[in-house]
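Asks: Quick one: structure below, then a few questions.
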Amino acid sequence: MMSQEKIAKEMFLPAEVDATKSEEISKPSLNYWQDAWLRVKKNKGAIVSMVILVLLTIMALVGPLLTNYGIDQQNIKHNNLPPRIPVLEKVSWLPFDGDLTRKNGDVYNAYEMKNVDNYYWLGTDSLGRDIFTRLWKGTQVSLYIAFLAAAIDMVIGVLYGAISGFVGGKTDNFMQRITEILVGIPNLIVVILMIIVMDPGILSITIALTITGWVGMARVIRAQVLKLKSQEYVLAARTLGLSNGKIISKHLVPNLAGVIIINTMFTIPNAIFFEAFLSFIGLGLQPPLASLGTLIDDGFKVLQLYPYQMIIPAIVISLIMICFNMVADGLRDALDPKMRD
Amino acid sequence: MTKILEVNDLHISFHTFSGEVQAIRGVNFDLNKGETLAIVGESGSGKSVTSKAIMRLLPESNSDIKNGEILFEGKDLTKLSDKNMQKVRGKDISMIFQDPMTSLNPTMTVGKQIIEPIVKHQKLSKAAAKKRAIEILELVGIANPEERFKQYPHQFSGGMRQRVVIAIALACNPKVLIADEPTTALDVTIQAQILELMKDLQKKIDTSIIFITHDLGVVANVADRVAVMYGGKIVEIGTVDEVFYNPQHPYTWGLISSMPTLDTEDEELYAIPGTPPNLLHPPKGDAFAPRNEYAMKIDLEEQPPMFKVSDTHYAATWLLHPDAPKVEPPPAVQRRQRQFLDIKEGK
Amino acid sequence: MAKYLTQRFVYMVITLFLIASLTFFLMKIIPGTPFSNASKLSEAQLSIMIDKYGLDEPVPVQYANYLLNLLKGDLGVSFQFNNVGVTDIIVNSMGPSATLGALAILFGTFFGIILGVISALKQNTWVDYSSTFIAVLGKSIPSFVFAGLLQYYVGVKLGWFPVAFWRGPEYMVLPTIALAMFPLATASRFVRTEMIEVMESDYITLAKAKGASWFEIAFKHALRNALIPVVTVLGPLVVSLMTGSLVIEKIFGIPGIGEQFVKSITINDYPVIMGTTLLFAALFVVVILIVDLLYGVIDPRIRLAGGKK
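Encoded structure:
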């Protein structure tokens, strides 16, 4: 086993060794958010979803302004026209040529039949309103309701949960009993009852969604606060004489931020779903207001004759829901401190 | 003495996001029939990876045996098919894990978990297997084995659970038992009981044991031979007396000096400076060199080979090279070396 | 255990009482219900209301009567449907809803579990990716959108299954698929996560060290442990079934409670709306209780620890 090759004598002179060198930190030090962002970036689905969501939001804001048609501008002569887009209409395999199929399989061009020269990019509905304009206006309304509901849920839920968890004792006990009862009532029931009492409108739907919607957030926050409170570094901070305010701002808030963001990201698609659901069962926004839900509901009524009227808003709502879920999943994976190595 | 297990030039790497981590970098050792070999080292030294490699329990998705062989009774375990490996696991070689709180299936009765390998490997009937399981439970010192047989793990204390894990490992009278830090998660009093039990059982069943630990105090108690691991390599191997009383490698010196003993007088307890090497980018020379106060230039350039100290004692340090200067080991080690001479002369 | 049970039961009763009270007072507030607008009622209807609830007496008496009637299982009278009892309406439309719900949860969770186990065991392969894709779609696409598209493409265009109504097994296929998507997606995601976690646990390594085969490890050791937490998502699943049944019964013209409910909303049939609401609430509360008890049955740690959480 002994190595027999000749080794120069001077090699056996003492070497300069600095033991502290090995304690150098080789990994660049990243704070929580930088680290989380690195993780999110690795998740291609989440990034693509974010981009799509941004694009959809931009379209929801500027889309209705891109056409010459008003949201509620009816033109009965131009009703039920399928999508037709200049240039793209020449591409035969794209459904933008204004063709419709009869029940017996005949294909005809609805624009030629009705002698219409206008281009309705995504077609018109049964009252001759431009679907492109209504689609983006509807997306705007749906997103508005969802963001508003999520924001209200967040504020109430975080406050309630944080107070309950941080104060503890009898207060916590009492507040817990309330949430336990509220959790027992299905969301669906509360929302429907509230809409029946209040007439459906943007505000009333938002309120209905938030009446019990905040409970989930409150419970998560309370659990998190309780966990953090008993964490040793918080106890240590307390022993060192840190004030309550400092503990909240230095230790609790940064650790709660992740949970709050993740939860909110799941609330938004849920609110979009519920709004659309209410429209579909006849408790949605009333005309002339449009939302993705009312568009789908209108489209469903003529699904067999003019499928595009339902498919178009269906694609948009599905896209929004998928993207929000993907982003939420991605954020959950990224922000979960347990996953940090 | 017959060799039952031989590990030759084992290299294992893990593929991580940051790159290839060379966890094991050329490990050689053998295990004789009926002996206990302790593998000592700090976390990350590769001792657990070595033991898992013998059982082929490393995650297939990201680990890779780059080189080397693991010979069990002459056959290379690294080349066995999954099916044949299953026949070895639990029957010829079995394993005890560190944390008894998590190593038992919470939804299966203890009895069922002991029976499983018996039915599988010894092809006994359910009733015969149950009889055998109850015998083993009694053997590992569990009172009311028949009653306990039907219970779930959460009804057992930590020490009791580790006894059950030992019972499972010994159910088929394995030829080799690998104990991966079996007492680390236990209270000190329970530790002693479990060690006592293992020593006792080894005599009864005549199995060879690989005992993995970071606790030198435990080693002196149970082992016949000791291998010290550092940075994915064995740096010193020898009998317990040789390694404890006549250590040669500066790392072993560090380990021994940092162990409090009754005759440690006023001097401060020693702490090895620095941190273990990053095996993502292993150093060119001796992995211990950056923490070694006796380091020589060659240590930074070239990895030391195993130098022979005695027939049973080898150490990988350039200090043993004939051209190397004589150095004074730390006082605690010198004291031990004097005791070692006394022991030798006393014989 | 007994203490825990009683406590849970008390909560259940309080919740139901609150919902019942809420529905009663809503009936008093909302204009156009039999409780708030007696002048619209016919002679015969008014006498039913006086008879049943004491409509000519003070509100507390009406409230007490209402609660007493509920205890007897009497949910009131629908004046839109020839003065038929709401309980009768619900009982008559229960069959299709229950069948559809049971089919959806059975198929959904069954295939969801299989999908979840496969993708956990074949982690990061194309099987895993495609099942993740299915799960994301199933979780994200609203059931009525999915049902509408299914009806149009598979029913109308391909003509494989009947487009609507409820007249035999072949009529059940499309609505069941539509309703089962969410349970399938939820179960598969959940089982996948749990299974991956369980497969990395020490006791699975020990099982491997015992020489257990891949099959024994996956199905004897891992699956049961992975399935225990799945019980916790049964609650949300039942809610999704209720929500889903409303729209899917409407889309496929299934004569169930959901369709009845949507119809009642459009014609402002308040007694039916309130009655169904109460039924849904009761169903939900009972399911949550059953889920909690079930959890104890499957997990020996809870079962023997005497209901401690």
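Residue numbers (the working numbering), protein chains in the order written: chain G, 1 to 341; chain U, 1001 to 1347; chain S, 2001 to 2309. No residue lacks a Cβ here, since even glycine has one placed at the ideal position from N, Cα and C.
(1) Assign Trp2166/S to one of two classes, buried (16 or more other C-beta atoms within 10 Å of its C-beta) or exposed (fewer than that).
(2) Quick one: which residues of the stretch 2020-2035 of chain S get their C-beta closer than 7 Å to a C-beta of chain U? List them in chain order.
(3) Thinking Gln1337/U and Asn1246/U are a contact (beta carbons under 8 Å), I'd like their distance in whole angstroms, please.
(4) Which residue spans inside the stretch 1190-1248 of chain U form an unbroken alpha helix (DSSP H) run of at least 4?
(5) Go to Ala2281/S, then tell me how far its alpha helix (DSSP H) extends in each direction, as first and last residue.
(6) List the residues of chain S whose Cβ lies closer than 7 Å to the Cβ of Ser1208/U, in chain order.
(7) Taking 8 Å as the CB-CB limit, is Pro2142/S close to chain A?
(8) Check for me: the beta strand (DSSP E) holding Ser1045/U runs from which residue to which?
(9) Secondary structure at Asn173/G, three-state DSSP: helix, strand or coil?
(10) To the nearest angstrom, how far is it from the Cα of Asp1206/U to the Cα of Ile1178/U?
(11) How many Å lie between Ile2029/S and Pro2271/S at the Cα?
(12) So, helix, strand or coil for Leu152/G, using DSSP?
(13) How far does the beta strand (DSSP E) with Asp1030/U in it extend, from its first residue to its last?
(14) In the structure shown, what three-state DSSP assignment does Ile145/G receive?
(15) Going by DSSP, name the residue or residues bridged to Arg1089/U.
(16) DSSP three-state call for Ile160/G: helix, strand or coil?
(17) Against chain G, which members of the stretch 2257-2282 of chain S pass a CB distance test of less than 7 Å?
(18) Going by other Cβ atoms of all chains shown within 10 Å of its Cβ, with 16 needed for buried, is Tyr1314/U buried or exposed?
(19) Which stretch, first to last residue, makes up the alpha helix (DSSP H) that contains Phe2146/S?
(20) So which residues of chain U does Lys41/G contact, with C-beta pairs closer than 9 Å?
(21) For Gly1232/U and Phe2284/S, I'd like the C-alpha separation in whole angstroms.
(22) For Ala2282/S and Asn1062/U, what's the separation of their Cα atoms in angstroms?
(23) Do the CB positions of Pro1106/U and Asn2225/S come within less than 8 Å of each other?
(24) Nearest chain S C-beta to Leu1407/U closer than 8 Å, yes or no?
(25) Give the DSSP bridge partners of His1015/U, in chain order.
(26) Thinking C-alpha only, which one of Tyr1251/U, Ser1310/U and Ile1039/U is nearest Ala1271/U?
(27) Within 10 angstroms of the Cβ of Asn187/G, are there 16 or more other Cβ atoms? Answer buried if so, exposed if not.
(28) What residue range is occupied by the uninterrupted alpha helix (DSSP H) comprising Tyr32/G?
(29) Within 10 Å of its beta-carbon, does Ala2207/S have 16 or more other beta-carbons around it, so buried, or fewer, so exposed?
(30) Could you check if Lys2308/S is buried or exposed, using at least 16 other CB atoms within 10 Å of its CB as the buried criterion?
(31) Determine the DSSP secondary structure at Met1296/U, reduced to helix, strand or coil.
(32) Please report the straight-line C-alpha distance between Asn1292/U and Leu53/G, rounded to a whole angstrom.
(33) With a cut-off of 8 Å, do at least 3 Cβ pairs link the stretch 156-172 of chain G to the stretch 210-227 of chain G?
(34) Per DSSP, Ser1257/U forms a beta bridge with which residues?
(35) Ends of the alpha helix (DSSP H) at His1313/U?
(36) Please state whether DSSP places Glu1345/U in a helix, a strand or coil.
Replies: Result, derived from the coordinates:
(1) Residue mapping note: residue 2166/S aligns to position 166 of the third sequence, counting from 1. With 16 or more Cβ atoms within 10 Å of its Cβ, Trp2166/S is classed as buried.
(2) none
(3) Here residue 1337/U is taken as the residue at index 337 of the second sequence, counted from 1. Here residue 1246/U is taken as the residue at index 246 of the second sequence, counted from 1. Rounded, the Cβ-Cβ distance is 6 Å, consistent with contact.
(4) 1216-1222 and 1240-1245
(5) Taking the third sequence and counting its residues from 1, the one referred to as residue 2281/S is at position 281. Ala2281/S -> alpha helix (DSSP H) spans Tyr2270 to Ile2298.
(6) Here residue 1208/U corresponds to residue number 208 of the second sequence, with the count starting at 1. Those do not exist, as Ser1208/U stays about 16 Å from chain S at its closest Cβ, beyond 7 Å.
(7) Judged by its chain identifiers, the structure shown contains no chain A, and its protein chains are G, U and S.
(8) For the purposes of this step, residue 1045/U is taken as the residue at position 45 of the second sequence. Here Ser1045/U belongs to no beta strand (DSSP E), and DSSP marks it neither H nor E.
(9) Translated into positions along the first sequence, residue 173/G becomes position 173. The answer is helix: DSSP assigns Asn173/G an H, G or I state.
(10) For the purposes of this step, residue 1206/U is identified with residue 206 of the second sequence, where counting begins at 1. For the purposes of this step, residue 1178/U is identified with residue 178 of the second sequence, where counting begins at 1. Whole-angstrom Cα-Cα distance: 14 Å.
(11) One-based indexing of the third sequence puts residue 2029/S at position 29. One-based indexing of the third sequence puts residue 2271/S at position 271. Rounded to whole angstroms, Ile2029/S to Pro2271/S spans 14 Å at the Cα level.
(12) Looking up residue 152/G in the first sequence gives position 152. The identity of residue 152/G in the sequence shown is Ile, whereas the question assumes Leu. Three-state result, Ile152/G: helix.
(13) Here residue 1030/U corresponds to residue number 30 of the second sequence, with the count starting at 1. Taken as a continuous stretch (DSSP letters only), the beta strand (DSSP E) holding Asp1030/U covers Gly1019 to Asn1032.
(14) In the first sequence, counting from the first residue as 1, residue 145/G sits at position 145. Three-state result, Ile145/G: helix.
(15) By 1-based counting over the second sequence, the position of residue 1089/U is 89. Beta-bridge pairing links Arg1089/U to Ile1093/U.
(16) The residue you call residue 160/G lines up with position 160 of the first sequence. The sequence shown places Tyr at residue 160/G, not Ile. Correct three-state label for Tyr160/G: helix.
(17) Val2262, Ile2265, Thr2266, Ile2273, Thr2277, Phe2280 and Ala2281
(18) Stepping through the second sequence from its first residue, residue 1314/U is reached at position 314. Its Cβ being crowded by 16 or more others within 10 Å, Tyr1314/U is buried.
(19) In the third sequence, residue 2146/S corresponds to position 146, counting from 1. Looking at the DSSP string, the run of the alpha helix (DSSP H) that includes Phe2146/S is Ser2143 to Leu2150.
(20) Start at 1 with the first residue of the first sequence, and residue 41/G comes out as number 41. The premise fails here: Lys41/G is roughly 13 Å from chain U at the closest Cβ pair, so nothing lies under 9 Å.
(21) The residue labelled residue 1232/U in the question sits at position 232 within the second sequence. The residue labelled residue 2284/S in the question sits at position 284 within the third sequence. When rounded, the distance between both Cα atoms is 57 Å.
(22) Along the third sequence, read from residue 1 onward, the residue named residue 2282/S stands at position 282. Along the second sequence, read from residue 1 onward, the residue named residue 1062/U stands at position 62. Their backbone Cα atoms lie some 50 Å apart in a straight line.
(23) Position 106 of the second sequence, counted from the start, is the residue given in the question as residue 1106/U. Position 225 of the third sequence, counted from the start, is the residue given in the question as residue 2225/S. Yes; because the gap between Cβ atoms is below 8 Å, this pair is in contact.
(24) As shown, chain U starts at 1001 and ends at 1347. That puts residue 1407/U outside it, with no answer to give.
(25) As a working note, residue 1015/U is residue 15 in the second sequence. Per DSSP, Glu1020/U.
(26) Position 271 of the second sequence, counted from the start, is the residue given in the question as residue 1271/U. Comparing Cα-Cα distances from Ala1271/U to each of Tyr1251/U, Ser1310/U and Ile1039/U, the minimum goes to Tyr1251/U.
(27) For the purposes of this step, residue 187/G is taken as the residue at position 187 of the first sequence. Buried: at least 16 other Cβ atoms inside 10 Å.
(28) Stepping through the first sequence from its first residue, residue 32/G is reached at position 32. It spans Tyr32 to Lys42 - the alpha helix (DSSP H) in which Tyr32/G sits, taken as one unbroken run.
(29) To locate residue 2207/S, count along the third sequence from 1; it is residue 207. Classification of Ala2207/S: buried, given that the 10 Å Cβ count is 16 or more.
(30) Position 308 of the third sequence, counting from 1, holds the residue named residue 2308/S. At Lys2308/S the pLDDT is 35, less than 50, meaning the model places this residue with poor confidence; the figure from the coordinates comes in the next sentence. So Lys2308/S ends up on the exposed side.
(31) The count along the second sequence starts at 1 and reaches residue 1296/U at position 296. Strand, per DSSP.
(32) As a first step, residue 1292/U is located in the second sequence; it is residue number 292 there, counting from the start. As a first step, residue 53/G is located in the first sequence; it is residue number 53 there, counting from the start. Each residue's alpha carbon lies about 57 Å from the other.
(33) yes
(34) Taking the first residue of the second sequence as 1, we reach residue 1257/U at position 257. DSSP output for Ser1257/U lists no bridge partner at all.
(35) Taking the second sequence and counting its residues from 1, one reaches residue 1313/U at position 313. Looking at the DSSP string, His1313/U is not in any alpha helix (DSSP H); the run it does join, the beta strand (DSSP E), is His1313 to Ala1315.
(36) Numbered from its first residue, the second sequence carries residue 1345/U at position 345. If DSSP states are grouped into helix, strand and coil, Glu1345/U belongs with the helices.
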